[in-house]
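Chemist:
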Amino acid sequence: MKMHIRSILSSYLTRKPISKSPIFRSLGQNHFFTSSTSRSNQVITCKAAVCWGAGEAVKVEEIQVEPPKSSEVRVKMLYASICHTDILYCSGFPLPLFPRVPGHEGVGMVESVGENVIALKEGDLVIPTYLGECGECENCRSGKTNLCLEHPLTLNGLMLDGTSRMSIRGQRLYHLFSCSTWAGYMVVNANYLVKIDSRIALSEASFLSCGFSTGYGAAWKEAKVEKGSSVAVLGLGAVGLGVLEGARNQGAARIIGIDKNERKREMGKTFGMTDFINPILQTTKVGKGMLIVIGAGNKASVDINFLTLLLGRTINGCIFGGIKVQSDIPLLVNKCINKEIQLDDLLTNEIQLEEIKKAYELLKQPDCIKVLIKI
1 MKMHIRSILS SYLTRKPISK SPIFRSLGQN HFFTSSTSRS NQVITCKAAV CWGAGEAVKV
61 EEIQVEPPKS SEVRVKMLYA SICHTDILYC SGFPLPLFPR VPGHEGVGMV ESVGENVIAL
121 KEGDLVIPTY LGECGECENC RSGKTNLCLE HPLTLNGLML DGTSRMSIRG QRLYHLFSCS
181 TWAGYMVVNA NYLVKIDSRI ALSEASFLSC GFSTGYGAAW KEAKVEKGSS VAVLGLGAVG
241 LGVLEGARNQ GAARIIGIDK NERKREMGKT FGMTDFINPI LQTTKVGKGM LIVIGAGNKA
301 SVDINFLTLL LGRTINGCIF GGIKVQSDIP LLVNKCINKE IQLDDLLTNE IQLEEIKKAY
361 ELLKQPDCIK VLIKI
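For the sequence shown, counting from 1, position 135 maps to 135 in UniProt numbering; every step adds exactly one.
1. Among the residues of its own chain, which have a CB less than 7 Å from the CB of residue 361, if the five just before and after it don't count?
2. Evaluate residue 266 with the Cβ neighbour count: other Cβ atoms within 10 Å of its Cβ, from every protein chain shown; 16 or more gives buried, anything less gives exposed.
3. Jot down the residue ranges of each uninterrupted beta strand (DSSP E) in the region 89-120, minimum 3 residues, whole runs only, in chain order.
4. For residue 276, which residues does DSSP report across the bridge?
5. Determine the direct distance from the alpha carbon of residue 185 to that of residue 203, and round the result to whole angstroms.
6. Please check the pair residue 246 and residue 220, which I expect to be a contact at CB under 8 Å, by giving their CB distance rounded to whole angstroms.
7. When the Cα atoms are used, what is the spatial distance from residue 243 to residue 42?
8. From the DSSP output, read off the bridge partner residues of residue 49.
9. Between which two residues does the alpha helix (DSSP H) carrying residue 325 extend?
10. So, at 6 Å on beta carbons, what are the nonlocal neighbours of residue 345 in its own chain, with the 5 sequence-adjacent residues on each side left out?
11. Per the contact definition of three or more C-beta pairs closer than 8 Å, is the region 124-135 in contact with the region 214-228?
12. Compare the C-alpha of residue 381 against each of 99, 319 and 56 and name the closest.
13. Compute the beta-carbon to beta-carbon distance between residue 105 and residue 181, rounded to the nearest angstrom, for a pair I have assumed lies under 8 Å.
14. Mind checking residue 262: buried by the 16 CB within 10 Å criterion, or exposed?
15. Are residue 240 and residue 231 closer than 7 Å when you measure CB to CB?
16. Assess contact between the region 57-68 and the region 168-182, defined as three or more Cβ pairs (one per stretch) separated by less than 8 Å. Is contact present?
17. Taking DSSP's pairing of strands, which residues face residue 74 in a bridge?
18. For residue 248, tell me which candidate among 237, 341 and 69 has the shortest Cα-Cα distance.
19. Measuring alpha carbon to alpha carbon, tell me which residue in 348, 268 and 187 is nearest residue 46.
Have a look at this one:
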């Protein structure tokens with residue numbers, strides 16, 4: 001059996017310890033935020049990382065960002081981070097939409113809102129997401145999925161009306177999903193923003209917008225790890241470490257980390273790992289094993305032996321770890337504020353937006369987990 005990722009995703013296209021660093025301060029402790037009311041109805045020129053073609057290096061250039069329309073919000077980005085998905089999309093996967101401003105992880109402050117936006121206001125601290133949650137559609141009410149039918153994953157790189165609020169020298173710029181966090185400002189439909197408690201450290205807020213939350217949610221919401229159970233996690237990057245933390249909070253007795261990078265052994269222990277091994281042949285058992293596929297791979301399809309499934313194993317895919325953005329992200333934010341989950345150790349490197357090319361090289365280093373980008 002061959003599972004084609006491109007064909008599955010195409011259906012969405014037409015549907016509507018560095019703790020002393022200043023970046024670990026919360027919004028309430030910082031005083032560098034200023035009002036932008038005077039510019040709320042104007043086009044803003046700012047810097048952004050732009051990818052001009054598949055496989056090309058990103059370049060930091062000046063772009064123009066239009067005011068938000070009625071149901072949209074313009075966000076001043078504060079920090080962003082880089083994810084493997086950003087690299088995949090810059091390679092032209094799943095669609096070669098260029099020029100594009102990448103980035104889907106980050107945290108920012110509301111600069112202005114459209115006239116129909118009532119849940120957000122200027123100055124609110126927000127996390128951009130690539131899924132929405134209306135709370136009223138069949139999927140939202142079911143409790144079985146986080147794939148909202150009203151505000152789905154978007155892959156066409158445009159706003160919901162089929163246009164873009166970003167341009168460069170008169171040319172339209174595409175988003176990555178519903179946002180573009182590697183920019184000084186971006187415009188997002190209000191349904192894809194989550195207002196968060198300003199007491200959270202800004203770096204932690206950025207990491208919650210995708211990677212860590214995806215892993216944590218996979219253990220919490222998708223696999224629903226049972227107390228006393230055993231969990232094996234293949235790959236101990238930011239997402240995998242999130243799975244470890246989620247499994248620990250769910251009460252798993254044995255949490256096995258699997259990674260060819262020996263340096264991940266100690267890092268894994270920090271997030272609850274009890275065992276570190278290399279082989280994966282026995283991570284699922286006949287009759288009751290479950291494999292949760294979390295991240296995007298390097299290939300568009302995978303081959304699966306039918307006999308593997310007929311013997312009772314389950315392969316389950318998920319997006320954003322099954323997390324409902326409006327319902328669950330605030331819960332994770334509170335856990336961070338209350339130190340119930342620790343994200344400090346995820347941060348291994350800090351750069352400025354102007355150094356974005358450096359981020360790609362840092363990700364190749366064996367000790368790199370998350371790169372934080374100061375916008």
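Using N, Cα and C, we set each Cβ at its ideal position, and we do this for glycine too.
Modeler: Reading it off the structure:
1. As a first step, residue 361 must be located in the sequence shown, where it is residue number 361. For residue 361, where only same-chain residues beyond five positions count, there are no Cβ hits under 7 Å.
2. Here the question's residue 266 lines up with position 266 in the sequence shown. Burial is judged here by how many other beta carbons sit within 10 angstroms of a residue's own beta carbon; residue 266 has fewer than 16 and is exposed.
3. Listed in chain order, they are 105-113.
4. If you number the sequence shown from 1, residue 276 lands on position 276. DSSP output for residue 276 lists 257 as bridge partner(s).
5. As a working note, residue 203 is residue 203 in the sequence shown. As a working note, residue 185 is residue 185 in the sequence shown. Put simply, the backbone Cα of residue 203 is about 18 Å away from that of residue 185.
6. Here the question's residue 246 lines up with position 246 in the sequence shown. Here the question's residue 220 lines up with position 220 in the sequence shown. About 5 Å separates the two Cβ atoms, so the contact holds.
7. Counting from one through the sequence shown, the residue named residue 243 turns up at place 243. Counting from one through the sequence shown, the residue named residue 42 turns up at place 42. Straight across, the Cα-Cα distance linking residue 243 with residue 42 is about 43 Å.
8. As a first step, residue 49 is located in the sequence shown; it is residue number 49 there, counting from the start. According to DSSP, residue 49 bridges with 60.
9. Residue mapping note: residue 325 aligns to position 325 of the sequence shown, counting from 1. For residue 325, the enclosing alpha helix (DSSP H) covers residues 325-337.
10. Numbered from its first residue, the sequence shown carries residue 345 at position 345. Within the same chain, residue 345 has close Cβ partners 270.
11. No, they do not touch.
12. Lying before the first or after the last residue shown, residue 381 is absent from the chain, which here runs from 1 to 375.
13. The residue given as residue 105 occupies position 105 in the sequence shown. The residue given as residue 181 occupies position 181 in the sequence shown. Right, the Cβ-Cβ distance comes to about 6 Å (below 8 Å), so this counts as a contact.
14. The sequence position of residue 262 within the sequence shown is 262, counting from 1. Taking every protein chain shown into account, the CB of residue 262 has fewer than 16 other CB atoms within 10 angstroms, so this residue is exposed.
15. One-based indexing of the sequence shown puts residue 240 at position 240. One-based indexing of the sequence shown puts residue 231 at position 231. Residue 231 sits away from residue 240, with the two beta carbons spaced by 7 Å or more.
16. Note that the region 57-68 touches the region 168-182; at least 3 beta-carbon pairs, one per stretch, sit closer than 8 Å.
17. The count along the sequence shown starts at 1 and reaches residue 74 at position 74. Answer is 112 and 187.
18. Mapped onto the sequence shown, residue 248 falls at position 248. Comparing Cα-Cα distances from residue 248 to each of 237, 341 and 69, the minimum goes to 341.
19. Residue 46 sits at position 46 when you count from the first residue of the sequence shown. Closest by alpha carbon: 187.
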